[in-house]
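Input: a single structure, listed below in structure tokens.
Numbering (UniProt numbering), first residue to last: 1 to 184.
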């Protein structure tokens with residue numbers, strides 16, 4: 001994932017890249033376009049916080065930028081997120097839409113050149129501004145499964161009841177929370 005995938009940032013301490021998620025190719029491959037903006041004049045966008053999982057980036061995404069179209073390697077978890085985003089409409093996930101257009105997204109694995117340590121050193125301090133300027137923030141842990149659902153139900157139950165309410169210890173709930181936090 002070298003610099004050749006990206007428009008160079010003229011001022012890496014003041015500019016960001018945003019991803020436009022494009023329709024998948026006829027063969028179902030992910031497709032996107034990266035554009036460069038000053039952080040102060042960027043259009044409305046969504047910031048995505050996601051679990052990288054193991055740092056193995058072995059899924060391909062076709063990425064269009066000022067350098068033509070290249071394949072970018074992304075993680076399985078990020079691929080899962082992007083595929084899910086392609087399935088949503090303004091009615092099912094309005095946070096990522098404006099009128100009838102999907103908002104551009106800022107996703108660190110894609111919008112920061114992960115092979116350019118100088119760029120990373122300048123972009124990481126911007127993350128606070130990036131997340132605060134985003135129209136919304138989407139948190140993606142991983143595919144929604146029964147453990148994840150149970151963990152969030154159990155956390156909700158714990159948060160709405162105090163110790164005086166006599167909530168009994170639920171080993172399955174704690175196992176689901178441990179799995180959610182990656183402690184297994």
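Cβ coordinates follow ideal geometry from the N, Cα and C atoms, glycine included.
What you are looking at is a predicted structure, and each value in this text was computed from that prediction instead of being measured.
Nearest residue (CA-CA) to residue 150, options 172, 131 and 135: 172
Where residue 91 falls: helix, strand or coil (DSSP): coil
Using the beta-carbon count (16 or more within 10 Å), is residue 94 buried or exposed? exposed
Give the secondary structure of residue 42 by DSSP, where H, G and I count as helix, E and B as strand, and everything else as coil. coil
Do three or more CB pairs link the stretch 43 to 52 to the stretch 128 to 136 at distances below 8 Å? yes
Counting pairs of Cβ atoms below 8 Å between the stretch 58 to 71 and the stretch 30 to 45, do you hit three or more? yes
With C-beta atoms as the reference, is residue 19 less than 7 Å away from residue 105? yes
Return yes when the Cβ of residue 112 is within less than 7 Å of the Cβ of residue 120, no when it is not. yes
How long is the line joining the alpha carbons of residue 66 and residue 165, rounded to whole angstroms? 59 Å
Which residues DSSP lists as bridging residue 64, in chain order: 33 and 69
For residue 13, is the classification buried or exposed, using 16 other Cβ atoms within 10 angstroms of its Cβ as the cut-off for buried? exposed
Beta-carbon proximity list for residue 169, same chain, < 8 Å, skipping 5 on both sides: none
Range covered by the alpha helix (DSSP H) that runs through residue 135: From DSSP, residue 135 is part of no alpha helix (DSSP H); its letter is neither H nor E.
Let's see if you can read the secondary structure: which residues bound the alpha helix (DSSP H) around residue 119? 117 to 123
Alpha carbon to alpha carbon, how far is residue 181 from residue 89? Give it in angstroms, no decimals. 29 Å
Where does residue 83 fall in DSSP's three states? helix
Close-in-space but distant-in-sequence residues of the same chain around residue 36 (CB under 7 Å, 5 per side omitted): 7, 9, 15 and 17
Got a sec: does the ligand MN put a non-hydrogen atom nearer than 6 Å to the Cβ of residue 107? This structure simply doesn't include the ligand MN, nor any ligand for that matter.
Residue 177 - containing alpha helix (DSSP H), residue span: 171 to 180
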